[in-house]
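In UniProt numbering, the protein residues as written are 1 to 50. Everything on this sheet refers to the single structure shown next.
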């Protein structure tokens with residue numbers, strides 16, 4: 001099955017969201033609040049540039 005460019009981008013963004021959500025859940029589970037803050041700051045920084 002061949003996907004067009006737009007479909008690949010959509011799947012890629014969805015995959016990135018899943019990875020970020022899993023990372024946040026893991027960090028919150030371990031109660032490492034400094035790492036959580038750093039991750040959220042990084043996410044907001046990337047979203048501001050994109």
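In this text, a Cβ means the ideal position worked out from N, Cα and C, and glycines have one as well.
- Per the coordinates, the alpha-carbon of residue 29 lies some 19 Å from the alpha-carbon of residue 41.
- The alpha-carbon separation between residue 4 and residue 16 amounts to approximately 19 Å.
- Annotated as proximal: residue 43 and residue 20, with beta-carbon spacing under 8 Å.
- Rounded to the nearest whole angstrom, the CA to CA distance from residue 10 to residue 34 is 31 Å.
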